[in-house]
Amino acid sequence: RKEVEQDPGPFNVPEGATVAFNCTYSNSASQSFFWYRQDCRKEPKLLMSVYSSGNEDGRFTAQLNRASQYISLLIRDSKLSDSATYLCVVNMNRDDKIIFGKGTRLHILP
Amino acid sequence: NAGVTQTPKFQVLKTGQSMTLQCAQDMNHNSMYWYRQDPGMGLRLIYYSASEGTTDKGEVPNGYNVSRLNKREFSLRLESAAPSQTSVYFCASSTGAMNTEAFFGQGTRLTVV
Numbered sequence: 001r002k003e004v005e006q007d008p009g010p011f012n013v014p015e016g017a018t019v020a021f022n023c024t025y026s027n028s029a030s031q032s033f034f035w036y037r038q039d040c041r042k043e044p045k046l047l048m049s050v051y052s053s054g055n056e057d058g059r060f061t062a063q064l065n066r067a068s069q070y071i072s073l074l075i076r077d078s079k080l081s082d083s084a085t086y087l088c089v090v091n092m093n094r095d096d097k098i099i100f101g102k103g104t105r106l107h108i109l110p
Numbered sequence: 001n002a003g004v005t006q007t008p009k010f011q012v013l014k015t016g017q018s019m020t021l022q023c024a025q026d027m028n029h030n031s032m033y034w035y036r037q038d039p040g041m042g043l044r045l046i047y048y049s050a051s052e053g054t055t056d057k058g059e060v061p062n063g064y065n066v067s068r069l070n071k072r073e074f075s076l077r078l079e080s081a082a083p084s085q086t087s088v089y090f091c092a093s094s095t096g097a098m099n100t101e102a103f104f105g106q107g108t109r110l111t112v113v
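Which chain is which? The protein sequence lines are A and B, in order.
Take 1 as the starting number for the first sequence in this note's numbering and just add one per residue.
Take 1 as the starting number for the second sequence in this note's numbering and just add one per residue.
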């Protein structure tokens, strides 16, 4: 089983809709979790960290479920500019090994 | 405010040639990473270094070597390039502390013919 797994998509979503992605991780000792965004194979950039209590940043909400070993990202009122690949990232922290999922492609349709 | 700098940005190699990809960060980060990205494969960890003087294998280390020259620099070497190593290579760094993000360089597009 891969350490971090995501549905690759693509998700084709009309502008203004809500879309959610999930990601599962295999190592129960993982400590830090993130969502990154990547555009057109440029370098990935941090979208948001994922905290145990869940966290929100504007239209974006991230949740962590340690018992089931998954994290989620919810995007509300989607914009055309949200079209990108969203990468789930897990840091083992014990040895600072950072593993990426394959990414989920999102296309927002006008 | 350079952040993470990778060189070169583009490179074409012939099969069997060797080369070193350079990476430097100016953020005083402890941890550094090398990833490769292929279509449909996401970023795969090649090697990483949790601190100066240490290196560890990632998911796909075969065919590569690394050197953590000092705290700032982490180089990736291909001793005998193969077409399967055609990819985009990203270097990243982080403080190593919990819940801190990794910062990426702009990538090196390598083609092996």
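Idealized CB from N, CA, C, for every residue including glycine.
Query	Result
Can you pull the chain B residues whose beta carbon is under 7 Å from the beta carbon of Phe-34 of chain A, in chain order?	Glu-101
At 8 Å on the CB atoms, spell out the chain A contacts of Asp-56 of chain B, in chain order.	Asp-95 and Lys-97
Would you please verify whether the beta carbon of Phe-74 of chain B is less than 9 Å from any beta carbon of chain A?	no
Output the distance between the C-alpha atoms of Thr-108 of chain B and Ser-26 of chain A, rounded to the nearest integer angstrom.	30 Å
Kindly indicate which three-state DSSP category Gln-69 of chain A falls into: helix, strand or coil?	coil
Using a threshold of 9 Å, state whether the C-beta atoms of Asn-99 of chain B and Ser-49 of chain A are closer than that.	yes
Report the option in A:Pro-110, A:Ile-99, A:His-107 and A:Ile-108 whose CA atom is closest to the CA atom of Phe-34 of chain A.	A:Ile-99
Starting from the N-terminal side, write out each stretch of the beta strand (DSSP E) that is 3 residues or longer and does not extend beyond the segment 44 to 72 of chain B.	65 to 68
For the beta strand (DSSP E) that contains Ala-92 of chain B, what are its first and last residues?	87 to 94
I'd like to know whether the C-beta of Val-112 of chain B is nearer than 9 Å to at least one C-beta of chain A.	no
Is the beta carbon of Gln-22 of chain B closer than 9 Å to that of Val-4 of chain B?	no
Could you tell me the alpha carbon to alpha carbon distance between Leu-109 of chain A and Arg-36 of chain B, rounded to whole angstroms?	30 Å
What distance in whole Å lies between the Cβ atoms of Thr-85 of chain A and Phe-11 of chain A, which are believed to be in contact at a cut-off of 8 Å?	That pair is no contact at about 11 Å.
Using a Cβ-Cβ distance under 9 Å, would Met-27 of chain B count as near chain A?	no
Report the residue from B:Thr-95, B:Ala-102, B:Ala-81 and B:Phe-103 whose alpha carbon sits nearest the alpha carbon of Leu-110 of chain B.	B:Ala-81
DSSP beta-bridge partners for Tyr-51 of chain A?	DSSP output for Tyr-51 of chain A lists no bridge partner at all.
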